[in-house]
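Only one structure is covered here, and it is reproduced in the block below.
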Amino acid sequence: MIYAYAALAIVAAVLIDRFPSPRLRRIVIVALAIPLLLVPLIDPSEATRNLLADASIYVALALGLNIVVGFAGLLDLGYAAFFAIGAYAYGMLASPQFGLHIPFWVILLLAGPLAALFGMILGAPTLRLRGDYLAIVTLGFGEIVPQIFQNLTAYTGGPNGIPGLDVPSFFGKSFGASALPFYYLALALVALAIFIAGNLRASRLGRAWLAIRDDELAAKHAGIDTTRAKLAAFAIGASFSGCAGVLFAAKLGLVSPDLFGFQVSVLIVSMLVLGGMGNLSGVVIGSLVLTMLNSAILPQANMLAATLLHVHVDLSQYHFAIYGVILVAMMLWRPSGLIARRAR
Amino acid sequence: MSSLRIDDLCVSYGGVSALRHVSLHVEQGEAIALLGANGAGKSSLLRAISGLVCSSGSIAFDGVLLGGRPAASIARLGIGHVPEGRRLFARMTVRENLALGCWDIGATDERMQGVFALFERLRERADQVAGSLSGGEQQMVALGRALMGSPRLLLLDEPSLGLAPQVIAMIFARLGEIHARGTTMIVVEQNARAALSFASRAYVLENGQVVRSGNADDLANDPTIIDAYLGGVIE
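As you go down the protein sequences, you meet chains D and S in turn.
Every position in the first sequence, counted from 1, becomes a number in the numbering used here once 12 is added.
Every position in the second sequence, counted from 1, becomes a number in the numbering used here once 8 is added.
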């Protein structure tokens, strides 16, 4: 049933830009969003809830990166660093590590500004860089941050990370062991991210980003403050990642440096490439498809192969190979993503 | 007081010098032409004024020193730059392109209408993607984009580049109208004849230095200038 819904959602998302009236578009989006609230109630298995929660966190991450890469055109290959910063903020402030037990909600609120600050710290030295050079510097930043967390053993628990993080509670009621509250929270974060990104895109700042993406020199010629616009993109993009990191850490109950490596950054960039950079519905679909591929479609395919062909394989082991094939195929046949930006 | 005063300006790109000790001045409401061969430093001079390249020496606009200011802040002072090759945002509409010309203050309908009044063609094309326009129309958008910021000084880098003679005449006629309203202008041109008949004074750049300057009419009749920039002596 979930798969049927997912298929329907993907078809709707592909078609949505062709809908003539914005009102109809809005109705379809709302109609599609309602089952998202109900799905975990219909399917009570914890595995599904867990999967949905993770998928939503990844959607929020992809929406954040989309502001940097999709809107402003700044290729950031170290985006997982901000995810790590958010997660470690929760890990260090809400665990027995320092005996600090700051409430989840406070950290969730602070993680955005904190990650935004780090976004600007990374952004500042890269302002003059473009394209490949920018990608290399951000790649470095993405490598440095988990490394720092790994080496600061006294504060971060080193390679083992920090286990036993506080379980959040909502008005005195503990989240318990279920992923369901995290799913709803992540969904709220996604909704907020879509709302903010959609409004930013139409704003003056958003137009400045698109101008910088299309031609940075021309943007400067036109008198656009490219420095401020680029820093804002890094900061806002990072803040989503920071919040997602807090959710991720609280849900998992532990943080460790290997959770935020280069693969995570690559995975999120792949989601954008697959879905279509700069296009919000494309980004959502791209991240859903890749998360589902990893946690639902490949295990199902394993089972299918075992029952039908009597072959025992673990396709999940090959997921990066499969991403690679998908990306190459996308570049060949649909370079602007599943859902290309609307051509006028 | 001069509108723009440049003293001892030097620009170099990684050891290669593009401008060497250039000094010039532009009076309020004046239109001047910068002539020179490819690589003489004409575009670099405009870019230095706009703050798009680092330079040494001093540039003062209405008494305000521009050195070290970022490009966006120089644009806000009232210097509009129409770049070489137009550099429009090809995937955006004409209207969006124009709006980006006064990004910091917000595009008002009044400003937009001002541009449309000057270039009626753009009103029809307002919602078309800029990349789909003809060269002349694109040049109008580039000009309009610079005008959206109500510049007091307009820097024009090769406004005739790649355009048909008829379109060039139209562009210069519009430039004349803008100039008549009191906008100070610096025009960089390969098309020296068009530039000299438009401007009142001109500077000639060679290898990054000012080698000649003077009245546009005098230069237009000067045999060496005719020989070098106006396609030989007309008998």
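Don't be surprised by glycine CBs; every beta carbon is placed ideally from N, CA and C.
Same chain, Cβ closer than 7 Å to residue i, neighbours up to 5 away in sequence not counted
i: S/Ala202; result: Ser168, Ile176 and Phe180
i: D/Asp88; result: Leu77, Val80, Val81 and Thr150
i: D/Ala261; result: Ala99, Tyr102, Gly103, Leu177 and Val267
i: S/Tyr237; result: Leu43 and Ala200
i: D/Pro311; result: Ser328
i: S/Gly157; result: Ala83, Gly88, Gly109 and Cys110
i: D/Ala317; result: Val323 and Val325
i: D/Phe130; result: Phe94, Ile97 and Ala250
Buried versus exposed, by CB contacts within 10 Å (16 or more), residue i
i: D/Val118; result: exposed
i: D/Phe83; result: buried
i: S/Tyr211; result: buried
i: D/Ala191; result: buried
i: D/Lys263; result: buried
i: D/Phe116; result: buried
i: S/Ile186; result: buried
i: D/Met315; result: exposed
i: S/Glu197; result: buried
i: D/Ser299; result: buried
i: D/Gly124; result: buried
i: S/Cys62; result: exposed
i: S/His233; result: It is worth fixing the name first, because residue 233 of chain S is Ile in this sequence and not His. It counts as buried.
i: D/Gln109; result: buried
i: D/Met417; result: Chain D is shown from 13 up to 356; residue 417 of chain D falls before or after that span and cannot be answered.
i: D/Asn12; result: As shown, chain D starts at 13 and ends at 356. That puts residue 12 of chain D outside it, with no answer to give.
i: D/Trp221; result: buried
DSSP three-state assignment for residue i, whether helix, strand or coil
i: D/Met343; result: helix
i: S/Ile113; result: coil
i: D/Leu112; result: coil
i: S/Glu166; result: coil
i: S/His29; result: strand
i: S/Thr192; result: strand
i: D/Ser107; result: coil
i: S/Gln217; result: strand
i: D/Val323; result: coil
i: D/Gly170; result: helix
i: S/Arg201; result: helix
i: D/Ser9; result: No answer is possible for residue 9 of chain D: the residues shown for chain D start at 13 and end at 356.
i: D/Ile22; result: helix
i: D/Tyr196; result: helix
i: D/Phe182; result: strand
i: S/Glu128; result: helix
i: S/Ile234; result: helix
i: S/Val72; result: strand
i: D/Asp227; result: coil
i: D/Ile351; result: coil
i: S/Ile87; result: strand
i: S/Glu118; result: helix
i: S/Arg209; result: strand
i: D/Ile236; result: coil
i: D/Leu279; result: helix
i: D/Tyr91; result: coil
Closest by C-alpha distance to residue i, when choosing among the options
i: D/Gly195; options: D/Leu350, D/Arg35 and D/Glu58; result: Residue identity differs from the one stated: residue 195 of chain D is Tyr in this sequence, not Gly. Nearest of D/Leu350, D/Arg35 and D/Glu58 to D/Tyr195, Cα basis: D/Glu58.
i: D/Ala128; options: D/Ser186, D/Leu44 and D/Lys242; result: D/Lys242
i: S/Glu92; options: S/Asp165, S/Thr101, S/Gly144 and S/Ser81; result: S/Asp165
i: D/Val23; options: D/Gly176, D/Leu204, D/Leu44 and D/Arg35; result: D/Leu44
i: D/Arg37; options: D/Ala21, D/Val51, D/Leu48 and D/Leu50; result: D/Ala21
i: S/Val149; options: S/Leu162, S/Leu106, S/Gly184 and S/Asn223; result: S/Leu106
i: S/Gly86; options: S/Arg99, S/Gly71 and S/Met100; result: S/Gly71
i: S/Ala138; options: S/Thr116, S/Ile234 and S/Arg99; result: S/Arg99
i: D/Gly254; options: D/Leu120, D/Ile46 and D/Val179; result: D/Leu120
i: D/Gly173; options: D/Phe187, D/Pro269, D/Ser277 and D/Val296; result: D/Pro269
i: D/Pro180; options: D/Trp221, D/Ser107 and D/Tyr70; result: D/Ser107
i: D/Ile133; options: D/Ile54, D/Leu53, D/Ala250 and D/Phe207; result: D/Ala250
i: S/Ser208; options: S/Gly184, S/Gln136 and S/Asp117; result: S/Gly184
i: S/Ser221; options: S/Ser31, S/Ser25, S/Cys18 and S/Ala56; result: S/Ser31
Chain-order list of residues whose beta-carbon lies under 6 Å from that of residue i (same chain, five-residue window excluded)
i: S/Gln146; result: Arg94 and Leu96
i: D/Phe272; result: Ala92, Phe95, Ala96 and Pro158
i: D/His331; result: Asn306
i: S/Ala228; result: Leu204
i: D/Gly257; result: Phe95, Gly98 and Ala99
i: S/Gly170; result: Gly143
Residues near residue i in its chain [Cβ-Cβ closer than 8 Å; skip 5 each side]
i: D/Ala136; result: Leu243
i: S/Ser58; result: Ala79, Ile82, Ala83, Ile87, His89 and Leu163
Next on the checklist: Taking contact to mean 3 or more Cβ pairs, one atom from each stretch, closer than 8 Å, check whether the segment 109-122 of chain S and the segment 221-237 of chain D are in contact.
Outcome noted: Touching, yes, given that three or more Cβ pairs across the two stretches are closer than 8 Å.
With three or more C-beta pairs closer than 8 Å as the rule, is the segment 71-88 of chain D touching the segment 271-287 of chain D? Cβ pair count under 8 Å is three or more, so yes.
Check: Within the chosen definition, does the segment 114-129 of chain S reach the segment 65-80 of chain S through at least 3 CB pairs nearer than 8 Å?
Finding: Not touching, per the Cβ criterion.
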